[in-house]
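Using the numbering used here, read the sequence shown as starting at 4 and increasing by one per residue.
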Amino acid sequence: MNNLLFDFTVNKATKTVFVTREFEADQSLVWDAFTKKEILDQWWAPKPFESRTKVMDFKVGGRRFYAMVSAEGQELNYSIQTYTAISPKTNFKFESVFADKEENPFPPGSNWNLNFSEENGITKVSISIYNESLERMEKMIEMGFKEGFTKTLNELTNVLIILKK
């Protein structure tokens with residue numbers, strides 16, 4: 004099916020980016036792709052980059068600390084995601100902030116809210132990304148967040164096809 008929903012909207016007034024994407028896979032598989040590091044690291048970066056999770060404790064108050072890794076294997080950027088709410092299979096929230104390799108955060112960050120729903124074998128993921136700072140959000144957009152995140156979600160589609168087999 005090629006008519007799966009994909010929407011990317013930037014609302015500067017609320018400092019929020021909204022991303023909605025449908026996947027041809029059941030909800031529990033898509034949930035696992037977002038919450039299990041061994042799957043997450045297969046797609047959470049636009050190629051040729053990859054994601055390398057160093058720590059992941061998926062529970063409220065837990066965190067994921069990961070690096071973006073170049074095609075040459077060099078760790079370039081680090082991020083910390085701190086999980087603030089989890090409703091299994093349907094929603095989780097985290098605070099995201101860039102960091103250095105020692106996990107020292109570089110605020111301001113953003114608050115992600117991810118909702119999962121399934122209808123007729125199609126799982127919809129609705130993501131809102133609220134930025135504490137309009138300047139940070141504009142810089143993210145300027146640096147190609149839409150293009151990069153679109154590529155990343157396309158990569159997830161490829162990973163889900165493999166996992167469904």
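Note that CB positions come from ideal geometry on N, CA and C, so glycine has one too.
Nearest-angstrom Cα separation, counted from residue j out to residue i
i: S113; j: T12; result: 16 Å
i: I132; j: N118; result: 12 Å
i: E75; j: S54; result: 13 Å
i: A48; j: K57; result: 15 Å
i: K40; j: K142; result: 27 Å
i: M4; j: E27; result: Only weak support exists for where M4 lies, its pLDDT of 46 falling under 50; the coordinates are left without a value.
Short Cβ contact (7 Å threshold) for residue i with residue j
i: I89; j: F95; result: yes
i: V63; j: T126; result: no
i: L7; j: E25; result: yes
Nearest candidate by alpha-carbon position, reference residue i, set the options
i: T19; options: W46, R139, E121 and L163; result: R139
i: N134; options: N14, F9, L8 and L7; result: N14
i: D103; options: A70, K92, L159 and T93; result: A70
i: D29; options: K149, T93, D10 and T85; result: T93
Inter-residue CB distance, residue i and residue j (contact presumed, cutoff 8 Å)
i: I83; j: P108; result: 6 Å
Proximal residues to residue i (C-beta, below 7 Å), its chain only, five neighbours per side dropped
i: S73; result: F52 and L79
i: D60; result: R66
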